[in-house]
């Protein structure tokens, strides 16, 4: 079966750095995605890793290790508006299907 | 670019009625669209993969006769919740993937409340 794990919730301080981990056990792996979702809204795309290593995009970076079934999302210089749910998703097969983890609710405190 | 719209954004209906939700890719063509359902405090659950010009592929446990999906063109997919019941109340979200790109782009979602 497909299994994706990430922490349920995290708290961090404004201006700090936070790392959200995601581990997965899936078949037909075709990429690891991170999405941000604010309450009551649809997810917005943050990053996509298909090869091992670090992808940096402004304040957000994402890392992937396929051999370990592990990814993390790194958020730097945290802002209050970064308070949201962060969803780890694994692409399955060639058809674009995504399987989502349960999401990590991040609270940024002043 | 890569904008996806959904209509309606919210709907309230009586138990036993049917509700149609539209998903459109506004500035790209999508041979494949996806329909998700999200209950409060939970993550997105894939319901089905909508393929243009062919039948949808449903995930295990999703009733294809209850959740009718039609993908009539490269920019439009519809989800019809037939004979809706209160337990069908949820946030329904569609997504589409532009050709040649790995990521999916999500519509704004439709909040369905069945009384």
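Residue numbers (this note's numbering), protein chains in the order written: chain B, 101 to 210; chain V, 854 to 968. Glycine included, every Cβ here is placed at the ideal spot set by N, Cα and C. Computed from a prediction, not measured in an experiment: that's the story for all the values here.
Asked                                                                                                  : Found
Interface flag, residue 959(V) vs chain B, CB-CB below 7 Å                                             : yes
Secondary structure of residue 209(B), DSSP reduced to three states                                    : strand
Extent of the continuous beta strand (DSSP E) to which residue 129(B) belongs                          : 129-137
C-beta atoms of residue 942(V) and residue 967(V) nearer than 7 Å                                      : yes
Residues within the region 936-954 of chain V neighbouring chain B, beta-carbon criterion of under 7 Å : 946 and 950
Alpha-carbon to alpha-carbon, residue 163(B) and residue 182(B)                                        : 19 Å
Within 7 Å, strictly: CB atoms of residue 935(V) and residue 868(V)                                    : no
Spatially closest choice to residue 897(V) from 150(B), 137(B) and 115(B), by CA coordinates           : 137(B)
Residues within the region 132-143 of chain B neighbouring chain V, beta-carbon criterion of under 9 Å : 133, 135, 137, 140, 141, 142 and 143
Exposed unless 16 or more other CB atoms sit within 10 angstroms - verdict on residue 916(V)           : exposed
Strand pairing of residue 162(B), partner residues [DSSP]                                              : 155(B) and 173(B)
Residue-level contact to chain B via CB, residue 875(V), 7 Å cutoff                                    : no
Minimum Cβ-Cβ distance from residue 885(V) to chain B less than 7 Å                                    : yes
Residue burial classification, residue 108(B) (beta-carbon count within 10 angstroms, cutoff 16)       : exposed
Whole-angstrom C-beta distance between residue 863(V) and residue 963(V), which should lie under 8 Å   : 7 Å
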